[in-house]
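Novice: Oh and the sequence shown: position 199 is 196 in this note's numbering, straight run, nothing missing. Before we start, here is the structure in question, set down as C-alpha cells.
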Amino acid sequence: MDLQDCDLSPMKLKVEQELKELIGDMERSLAQMADDNQCVLGNLDQIRRRLAGIEATSASFYLYCYLAPYTDKYLDLSQTIQRLSQRRHGALVVIERTDPLDSWMQRGTMIDAAVSSTLLESIFYPGSPLHDGAVLIRANSIVSAGNVLPLSGSSLVDPNLGTRHRAALGLTEKSDALVLIVSEETGQARFAYKGRLYPLPSV
C-alpha cells in the first residue's frame, strides 16, 4: 500500500483553498505596488510564511500516507517529533518499509521495545549515550538506537546541511526507508524520502 491507497482528497481540497487565498493576497500586494506610499515587505513576509505552512501541512499528510502501512505508531512519532522540535533536541528516526536496511546501517545498541514517545525522547535527550545516532523502527518496535547511516554522496545536496540530514538523505537514496529528522540548531523538523527533504509542522 502506498499513495494510491491513501485518500488524498481532504488534503488536496484544503491546500487548494489555501492556495486560492494566497493567490488573492499576492494579487492585492501586486496592486499595492502601484502606490508609492505602500510598502509590501510585510505582505511578502506573510505570503512566505503562509506558503511554508501550506507546504508543511501537505508534507504532514503525505508522511501519514507513507507510514500508515508500515507502523501503527504514527501519532506517537508525530508527537515525539513535535516535542523534540520545540526543545531543539536533535533526532534521527528511521522507519523501515519494504527494503531491509541491515546492509546499509552500522548497527548500534539493540533496544527491542515498543515505540513510545517517552522512550524516544529519552534516547534523544542531549547527553544520552545514544542521542547522536539513528533509531531504527520496524513495524511498532524500536529495534535499535545509536545506528550509523551512510552519508549522501550527491553533489546536489546543500553543503550547509548537517550530518543528520546528510545521513537521512544517504539512506533514503539507497532504500525506500523514511527518515524523520530534527535539527538541534534550529529545531526544524523534516522527513527524508527517496533522497529528498520535506518540512514538517513543529507546533
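All C-beta atoms in this analysis are idealised placements derived from N, C-alpha and C, irrespective of residue type, glycine included.
For K171, which of I108, D69, E18 and S100 has the nearest alpha-carbon?
Specialist: The residue you call residue 171 lines up with position 174 of the sequence shown. Looking at the Cα atoms, S100 is the closest of the given residues.
Novice: Since I51 and M23 are thought to touch, with beta carbons under 8 angstroms apart, how far apart are those beta carbons, to the nearest angstrom?
Specialist: Start at 1 with the first residue of the sequence shown, and residue 51 comes out as number 54. Start at 1 with the first residue of the sequence shown, and residue 23 comes out as number 26. No, I51 and M23 are not in contact; Cβ-Cβ is about 13 angstroms, not under 8 angstroms.
Novice: Just to check my reading of the structure: F121 and A88 have Cβ atoms closer than 8 angstroms, yes? What is that Cβ distance to the nearest angstrom?
Specialist: Working through the sequence shown from its first residue, we reach residue 121 at position 124. Working through the sequence shown from its first residue, we reach residue 88 at position 91. So it is a contact: roughly 4 angstroms between Cβ atoms.
Novice: Which stretch, first to last residue, makes up the beta strand (DSSP E) that contains T106?
Specialist: As a first step, residue 106 must be located in the sequence shown, where it is residue number 109. Residues T106 to A111.
Novice: Taking only beta-carbon positions, decide if T77 is within less than 8 angstroms of chain C.
Specialist: The structure shown contains no chain C; it is built from a single protein chain.
Novice: DSSP three-state call for G143: helix, strand or coil?
Specialist: Here residue 143 refers to the residue found at position 146 of the sequence shown. Three-state result, G143: strand.
Novice: Mark M(-2) as exposed unless 16 or more other C-beta atoms lie within 10 angstroms of its C-beta, in which case mark it buried.
Specialist: What you label residue -2 is simply residue 1 of the sequence shown in a count that begins at 1. A caution first: M(-2) carries a pLDDT of 41, below 50, which makes its placement in the model unreliable, though a value can still be read off. Exposed, by the Cβ-count rule.
Novice: If I'm right that L60 touches L197 with Cβ under 8 angstroms, what's the distance once you round it to whole angstroms?
Specialist: On the sequence shown, position 63 is the one that residue 60 refers to. On the sequence shown, position 200 is the one that residue 197 refers to. That pair is a contact at about 7 angstroms.
Novice: Beta-carbon within less than 8 angstroms of T183's beta-carbon, same chain only, minus the 5 sequence neighbours each way: which residues are those?
Specialist: Here residue 183 corresponds to residue number 186 of the sequence shown, with the count starting at 1. For T183, where only same-chain residues beyond five positions count, the Cβ hits under 8 angstroms are R85.
Novice: Indicate the three-state DSSP secondary structure (helix, strand or coil) for F58 in the structure shown.
Specialist: As a first step, residue 58 must be located in the sequence shown, where it is residue number 61. Note: F58 maps to helix in three-state DSSP.
Novice: Taking 8 angstroms as the cut-off, does the segment 89 to 109 touch the segment 119 to 137 (at least 3 CB pairs, one atom from each stretch)?
Specialist: Verdict: yes, contact present.
Novice: Under three-state DSSP, which class holds V154?
Specialist: Here residue 154 refers to the residue found at position 157 of the sequence shown. Correct three-state label for V154: coil.
Novice: If I follow the unbroken alpha helix (DSSP H) through Y71, where does it start and stop?
Specialist: Position 74 of the sequence shown, counted from the start, is the residue given in the question as residue 71. Y71 -> alpha helix (DSSP H) spans Y71 to R84.
Novice: Can you tell me which of the three DSSP states V37 falls into?
Specialist: Against the sequence shown, residue 37 aligns to sequence position 40. Of the three classes helix, strand and coil, the one that applies to V37 here is coil, per DSSP.
Novice: Considering only the alpha carbon of each residue, which of G192, P7 and A174 lies closest to L153?
Specialist: Working through the sequence shown from its first residue, we reach residue 153 at position 156. If we check each option's Cα against that of L153, G192 comes out closest.
Novice: To the nearest angstrom, how far is it from the Cα of F188 to the Cα of D33?
Specialist: Reading the sequence shown from its first residue, position 191 is the one you call residue 188. Reading the sequence shown from its first residue, position 36 is the one you call residue 33. Their backbone Cα atoms lie some 43 angstroms apart in a straight line.
Novice: Of the choices R46, V90 and R161, whose alpha-carbon is the least far from that of E181?
Specialist: Reading the sequence shown from its first residue, position 184 is the one you call residue 181. Cα-wise, what sits closest to E181 is R161.
Novice: Is it buried or exposed for L117, if we count other Cβ within 10 angstroms and need 16 for buried?
Specialist: For the purposes of this step, residue 117 is taken as the residue at position 120 of the sequence shown. By the 10 Å Cβ count, L117 comes out buried.
Novice: Spell out the partners DSSP gives R187 in its beta bridges.
Specialist: Counted from its first residue, the sequence shown places residue 187 at position 190. Answer by DSSP bridge pairing, in chain order: I178 and P196.
Novice: May I have the straight-line CA-CA distance separating A186 from S26, to the nearest angstrom?
Specialist: Residue numbering aside, residue 186 sits at position 189 when the sequence shown is read from its first letter. Residue numbering aside, residue 26 sits at position 29 when the sequence shown is read from its first letter. So the two alpha carbons sit approximately 30 angstroms from each other.
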